[in-house]
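Residue numbers (the numbering used here): 1467 to 2026.
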């Protein structure tokens, strides 16, 4: 026990890897140090005819990676060297570790923690944190630097000075993954003495207090609810004159935790949801509202000034062979009515999956996304301009597979359509309308005894815009084979397609690629490949030449 405790301390103090989680109960004491990695070197050739070379004729490349594992903690190293550039990577620039033992978990160094979506979520920080979950008790605490200070640089107009930002917080709750309630408090503040900021830049040190409650609870076996409510108070300038708030008076009595000023702004965010599940059907309703201006200094970005409600449902029939899902939702902004534009979005989706037999499957998807924007052109005459956009997407695919004796067959057909329609109050409402078709099919046959695969593919693409249209028809053929007791893998792929613009043949493009890999043993392997691209220009409207491009490569790899 003493030995394992000593190893735990060693791991906590001496391991460096960004975001690594270590379970101390699973430490391999018999093999404390492991070394794995690989090294490869190769030569690439490039040539072109009809166009200028887009790459160097010869490129030599060597690369490698080394993984040093110490008591289950991996330290990755890698390097790349070529005639064009070189690079070495090691894990010591930003390092952090999260050791875990039973119900205790620590966060050390550069790391991140998650309290809830509206309070503290996903922000990387330098510091420490802890999570304790004995039985159903839930406790988390964190302290660290959220942002590094950046001083003014008058020689560069791209450098924006920022204050060093610190933060600390706690989360206390009770429950498990399906049923819990958490109470959250997080404080973030800028160090006013960390930089000297020019008044002309209008950059002020801020501080923020956010409190919230987050929970999920199953009322019955089939009925569940979720919720989160957060209030965020931000001082836009913590040096401003202190004051007492006429509303949210509880913020006036927090002492050193938060002191309101004349720059204080207080906003709310709320989420609530309910779900109900039966054996053959389920549905859920979710509501989100984030006030205009809602912000926390502990989170990178908030999509605020929005209110949305969504409804989703699913149906399972025929012993789960047929499943149907669908949803609809609406989102709007300008909740306070003070903006010159109001955006309303309506989104819907539907999907169907039908397992017709063990060999045949069919799926269909549909989505619709519409946006309506009302611009207030003249606030005194209440004149407005409307803009509406509707985007639709259809998709369908059929997959068939079967094994007959020593052969397996598979056939896949896929079709997708995306369209966009724009309607405005202008004289040319349809200039932004477009549609995109994509249809492809692929057939595969595998001759199992001789380890040979053949595939044939067809594809069609069409892109129709208001002022032009393009189409492409293509064919592909491939064969692969494994030989010499599974040591040699070879593949040959050929493809070609015609491109049309405005109904006129524009060009023909063909591509061929051959590759082979020989595995000497478990450590050494050799590979080579070559490809040819040929494009023949058919149209005389453009001053473009036909061309060919050649590529070849050979590579050696060692794994240990």
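The C-beta atom is built at its ideal place from N, Cα and C for all residues, glycine as well.
- Per the coordinates, the alpha-carbon of residue 2014 lies some 52 Å from the alpha-carbon of residue 1618.
- Note that the C-beta distance between residue 1656 and residue 1673 is below 8 Å.
- In this structure, residue 1584 lies away from residue 1722, with their beta-carbon atoms at least 8 Å apart.
- Around the CB of residue 1550, fewer than 16 other CB atoms lie within 10 Å, so the residue is classed as exposed.
- For the set 1994, 2003, 2024, the Cα lying nearest the Cα of residue 2017 is the one of 1994.
- Under the three-state reduction of DSSP output, residue 1569 falls in the coil class, being neither helix nor strand.
- Taking every protein chain shown into account, the CB of residue 1733 has 16 or more other CB atoms within 10 angstroms, so this residue is buried.
- At a cut-off of 4 residues, not a single continuous stretch assigned as alpha helix (DSSP H) sits fully inside the segment 1512-1543.
- When the five nearest sequence neighbours on each side are left out, the beta carbons in the same chain lying within less than 6 Å of the beta carbon of residue 1819 are those of 1789, 1829, in order along the chain.
- A Cβ-Cβ separation of about 14 Å leaves residue 1645 out of contact with residue 1688 under the 8 Å criterion.
- Here residue 1579 is buried: its Cβ has 16 or more other Cβ atoms, across all protein chains shown, within 10 Å.
- Under the three-state reduction of DSSP output, residue 1722 falls in the helix class.
- Annotation for residue 1655: the continuous beta strand (DSSP E) segment containing it runs 1646-1656.
- Going by DSSP, residue 1990 is part of the beta strand (DSSP E) stretching over 1990-2003.
- Beyond the five residues adjoining it in sequence on each side, residue 1510 comes within less than 6 Å, by CB distance, of 1525, 2019 in the same chain, given in chain order.
- Taking each of 1871, 1735, 1718, 1543 in turn and checking the Cα distance to residue 1582, the smallest one comes out for 1735.
- Under the 8 Å Cβ criterion, the segment 1504-1522 counts as touching the segment 1530-1547, having at least three qualifying pairs.
- Between the segment 1867-1874 and the segment 1832-1839, the count of C-beta pairs closer than 8 Å stays below three; the two stretches do not touch.
- Within the same chain, 1912, 1946 come within 6 Å of residue 1919 by CB-CB distance, once the 5 residues on both sides are set aside.
- One thing to note: residue 1586 has its Cβ within 8 Å of the Cβ of residue 1764.
- Residue 1669 and residue 1704 have their alpha carbons spaced roughly 12 Å apart.
- Under the three-state reduction of DSSP, residue 1787 is assigned to coil, being neither helix nor strand.
- By the Cβ neighbour-count rule, residue 1561 is buried, with 16 or more other Cβ atoms within 10 Å of its own.
- Taking each of 1889, 1753, 1649 in turn and checking the Cα distance to residue 1797, the smallest one comes out for 1753.
- Your pair residue 1899 and residue 1886 checks out as a contact, with CB atoms roughly 7 Å apart and the cut at 8 Å.
- In terms of CA proximity to residue 1979, 1999 leads the group 1999, 1972, 1988.
- A check of alpha carbon separations from residue 1544 across 1556, 1535, 1737, 1536 identifies 1556 as the nearest.
- Relative to residue 1781, the option among 1962, 1792, 1773, 1775 whose CA is nearest is 1792.
- Ranked by how close their Cα comes to the Cα of residue 1616, the residues 1627, 1609, 1608, 1610 have 1627 in first place.
- Residue environment analysis places residue 1784 among the exposed positions, since fewer than 16 neighbouring C-beta atoms fall within 10 angstroms of its C-beta.
- Restricted to the segment 1666-1717, the beta strand (DSSP E) segments that are unbroken, complete and at least 3 residues in length are 1673-1684, 1689-1701, listed in chain order.
- Between residue 1574 and residue 1594, the C-beta spacing is below 8 Å.
- Here residue 1857 is not near residue 1832, since their CB atoms are 8 Å or more apart.
- Here the C-alpha atom of residue 1598 lies approximately 29 Å from the C-alpha atom of residue 1717.
- Non-local C-beta neighbours of residue 1572 in its own chain, meaning closer than 6 Å and more than five positions away in sequence, comprise 1565, 1596, ordered along the chain.
- Per DSSP, reduced to three states, the secondary structure at residue 1614 is coil, with no helix or strand assignment.
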